[in-house]
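Peer 1:
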Ligand code: PEP
Ligand code: MG
């Protein structure tokens, strides 16, 4: 009997990258919640013991390989982190107990191993000794690796193996995996977890791949091969859409195509308000392949070059020369427009496999960005020299991420002076007057903006982090996305404080977080006195469109209202109303 057609089912998540696509689902990586128990028949027991031993050998090889790479790149001390893992793998008591459980109880290997290792981890976690408690984390880490091997789950599914066009569905996608996606085959993607300003979402927007995150159980509920429609405007995924739904979405796609045409017409025009206020509108990029997108979307150079993506998805860190070649190319291609190169911001939700670091309890509060760089002067100076050398090839500026106080700024400045002296001694040219700025993305930096403003040429407000750190709401966690409010009065006051301090000391201020690319919020930022906006190339035309249709005085009135209003949602509604009235064509998203 033929199977009846499955009915249409709609799922709602968080829209993070605009666009509509439809195609077959490919489920990449299901969340591993339950380790199912199977009772083995006696004739399968020895094979199961063999399977377990093979998984141990595989895990040992993988850990040794990671350890080798870490020692190579960072030295023996960091490599020692993995010794504890290797010792645990060789712990006869643990291994024998698992084998006994397989033999005596007829349990499957993953169930037996998980039960025994979890008991060990729980016992370690309960001990009144910090060192042993940390070993509980090692134990759980190790357990996950062994289970991956037993269950044949690959941490890093090789995305190059996808050959058929598909909508990718995964529990999570790391920023580094997202950066590998090929638009020709990955039409869109869906994840169970995530937030609008995670780097995964940012990369999706940058690549122009429609995406919906925070769908909670998509990777459990969706099946590979099912047909789906993904609406990245409204955050909806429709599995087995009816003809009527497809028709409605066809109309929405047409509407969007005619908007694109309208936006294209202003590509070469400046971002200037009706009353003559010129805003510098630039783009955020991740590598040299984005140059074309910057030009195509009419951005005036680069307001944020996320250089950490040069370090991700490769075997080893790029050296000074490799980096110089990239910076030089970008600077020359976009000359005379500025290219603001941000120094390395690894950590948080961005990791490079060749710089594998010990797991942190709170990576966003940990060894990230300028903290990581100041602790590794060799790595940092290689980048500083590369940027300085590229400064003669175009209009290069440089900024530091995650500045929390004056000390960091001073330490970075001292290293820049050291690098300049080195280059001078070798007669290598660089721009002596290259502008240097600081990102304002930690509340402490906004609060001491007057101190910092005396020492820099510009600020760039990293609202993605400024919001998460001010409101203590993880930018990648959909469970707290309702608290992640860009229009919270605390955020607006910090932005205003930063702008006022900068202008008082003759510095200019940009915003390069995702709010700069949101046509609903961009007018508010302009009203608050921001001089530059930098956003994903794909959203630059929309921001330009709305800026060219408003008056600075209206934006200032909006900001005045916002600064005295106590309610984030009321401020947001007012911004939304203003944007819809100013540029109605941008907001025709609903089917
Ligand atoms: C920000 O925090 O707003 C920012 C632009 O930097 P990133 O998103 O790379 O952390
Ligand atoms: Mg940031």
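Residue numbers (my numbering): 1219 to 1809. We put the beta carbon where it would ideally sit given N, CA and C, even for glycine. Since the structure is predicted, the reported quantities are computational estimates derived from the model, not experimental observations.
(1) Taking the alpha carbon of residue 1588 as the reference point, which residue from 1620, 1578, 1579, 1314 has its own alpha carbon closest?
(2) So if DSSP puts residue 1507 in a beta bridge, which residue, or which two residues, is it bridged to?
(3) Please list, following the chain, all residues that have a C-beta closer than 6 angstroms to any non-hydrogen atom of ligand 2.
(4) Do you know how far the Cα of residue 1354 is from the Cα of residue 1664?
(5) From residue 1193 to residue 1427, what does the alpha carbon distance come to, in whole angstroms?
(6) Can you give the beta carbon distance from residue 1164 to residue 1556, rounded, assuming they're within the 8 angstroms contact cut?
(7) One question on the structure: do residue 1320 and residue 1234 come within less than 7 angstroms of each other, judged by their Cβ atoms?
(8) Output the distance between the C-alpha atoms of residue 1417 and residue 1474, rounded to the nearest integer angstrom.
(9) Give the straight-line distance between the Cα atoms of residue 1231 and residue 1696, rounded to the nearest whole angstrom.
(10) By the 10 Å Cβ neighbour count, where 16 or more other Cβ atoms means buried, how is residue 1460 classified, buried or exposed?
(11) On the DSSP letters alone, give me the boundaries of the alpha helix (DSSP H) that residue 1758 sits inside.
(12) Quick check on this structure: which residue in 1662, 1596, 1600, 1522 has the alpha carbon closest to the alpha carbon of residue 1623?
(13) With a Cβ-Cβ cutoff of 7 angstroms, do residue 1741 and residue 1804 count as a contact?
(14) Does the contact criterion of 3 or more C-beta pairs under 8 angstroms hold for the stretch 1716-1729 versus the stretch 1674-1682?
(15) Distance check for residue 1455 and residue 1262, CA to CA, integer angstroms please.
(16) Considering only residues of the same chain and omitting the five flanking positions on each side of residue 1220, which have a CB-CB separation below 8 angstroms?
(17) Under DSSP, the beta strand (DSSP E) around residue 1613 begins and ends at which residues?
(18) Excluding five sequence neighbours on each side, which residues of the same chain lie with their C-beta closer than 7 angstroms to the C-beta of residue 1777?
(19) So residue 1387 is in the alpha helix (DSSP H); what residue range does that whole segment cover?
(20) Using the C-alpha atoms, what's the distance from residue 1364 back to residue 1273?
(21) For residue 1763, which residues of its own chain have a beta-carbon under 7 angstroms away from its beta-carbon, when the five flanking residues on both sides are left out?
(22) Between residue 1730 and ligand 1, is there a pair consisting of the residue's CB and a ligand heavy atom that are separated by less than 6 angstroms?
(23) Between the Cα of residue 1307 and those of 1318, 1270, 1322, spot the shortest distance and give me the residue it belongs to.
(24) List the residues that DSSP assigns as beta-bridge partners of residue 1305.
(25) Output the distance between the C-alpha atoms of residue 1470 and residue 1464, rounded to the nearest integer angstrom.
(26) Could you check how far apart the C-beta atoms of residue 1789 and residue 1780 are, in whole angstroms? I think they sit under 8 angstroms.
(27) Using a Cβ-Cβ cut-off of 7 angstroms (strictly less than) and excluding sequence neighbours within five positions of residue 1277, which residues of its own chain qualify?
(28) Can you have a look at residue 1251 and say buried or exposed, based on whether 16 or more other CB atoms are within 10 angstroms of its CB?
(29) Tell me the residue span of the alpha helix (DSSP H) that contains residue 1778.
(30) Answer with buried or exposed for residue 1786, where buried requires no fewer than 16 other C-beta atoms within 10 angstroms of its C-beta.
(31) Give every residue of the same chain whose Cβ lies closer than 6 angstroms to the Cβ of residue 1222, excluding the five residues on either side of it in the sequence, and list them in chain order.
(32) Please classify residue 1797 as buried or exposed, where buried requires at least 16 other C-beta atoms within 10 Å of its C-beta.
(33) What does a CB cutoff of less than 8 angstroms around residue 1323 pick up in its chain, not counting 5 residues either side in sequence?
(34) Helix or strand or just coil, what does DSSP make of residue 1841?
(35) For residue 1793 and residue 1739, what's the separation of their Cα atoms in angstroms?
(36) May I have the straight-line CA-CA distance separating residue 1700 from residue 1499, to the nearest angstrom?
Peer 2: Reading off the structure:
(1) It is 1620.
(2) DSSP lists no bridge partner for residue 1507.
(3) After applying the 6 angstroms Cβ criterion, the set is 1619, 1659, 1680, 1682, 1683.
(4) One alpha carbon belongs to residue 1664, the other to residue 1354, and they sit about 38 angstroms apart.
(5) Because the chain is modelled from 1219 through 1809, residue 1193 falls outside the range shown and cannot be assessed.
(6) Nothing in the structure corresponds to residue 1164, since the chain is present only between 1219 and 1809.
(7) Not in contact: residue 1320 and residue 1234 (Cβ atoms no closer than 7 angstroms).
(8) In a straight line, the C-alpha of residue 1417 is about 25 angstroms away from that of residue 1474.
(9) Going by C-alpha positions, residue 1231 is about 9 angstroms away from residue 1696.
(10) Under the 10 Å beta carbon count, residue 1460 is surrounded by fewer than 16 other beta carbons and is classified as exposed.
(11) Note, residue 1758: alpha helix (DSSP H), 1758-1765.
(12) The residue with the shortest Cα to Cα distance from residue 1623 is 1662.
(13) No; because the gap between Cβ atoms is not below 7 angstroms, this pair is not in contact.
(14) Judged by Cβ distances under 8 angstroms, the stretch 1716-1729 makes contact with the stretch 1674-1682, as three or more pairs qualify.
(15) Straight through space, the alpha carbons of residue 1455 and residue 1262 are spaced by roughly 42 angstroms.
(16) Annotation note: pLDDT 45 at residue 1220 (below 50); position unreliable, coordinate value reported separately. Taking residue 1220 as the centre and dropping the five residues before and after it, the same chain places no C-beta closer than 8 angstroms to its C-beta.
(17) That run of the beta strand (DSSP E) goes 1613-1618.
(18) Around residue 1777, the same chain offers 1742, 1745, 1746 as residues with beta carbons nearer than 7 angstroms, after the five sequence neighbours per side are excluded.
(19) Run containing residue 1387: none in the alpha helix (DSSP H); it sits in the beta strand (DSSP E), 1384-1388.
(20) Distance between the alpha carbons of residue 1273 and residue 1364: 6 angstroms.
(21) The residues are 1481, 1484, 1801, 1804.
(22) At least one heavy atom of ligand 1 lies closer than 6 angstroms to the C-beta of residue 1730.
(23) It is 1270.
(24) Answer is none; residue 1305 lacks a bridge partner.
(25) Their Cα atoms are separated by approximately 10 angstroms.
(26) Confirmed, about 5 angstroms.
(27) Cβ within range, chain order: 1307, 1363, 1364, 1367.
(28) Bear in mind that the predicted position of residue 1251 carries a pLDDT of just 43, short of 50, making it too unreliable to give a figure here.
(29) 1770-1782 is the extent of the alpha helix (DSSP H) around residue 1778.
(30) Buried, by the Cβ-count rule.
(31) Caution is warranted here: a pLDDT of 47 is assigned to residue 1222, below 50, making its placement in the model unreliable, and no coordinate value can be reported.
(32) It counts as buried.
(33) For residue 1323, the CB contacts under 8 angstroms within the same chain, skipping 5 residues up- and downstream, are 1330 in chain order.
(34) Coverage of the chain is limited to positions 1219 through 1809, which leaves residue 1841 absent and any answer about it impossible.
(35) Going by the C-alpha atoms only, they are around 6 angstroms apart.
(36) Approximately 29 angstroms between the Cα atoms of the pair.
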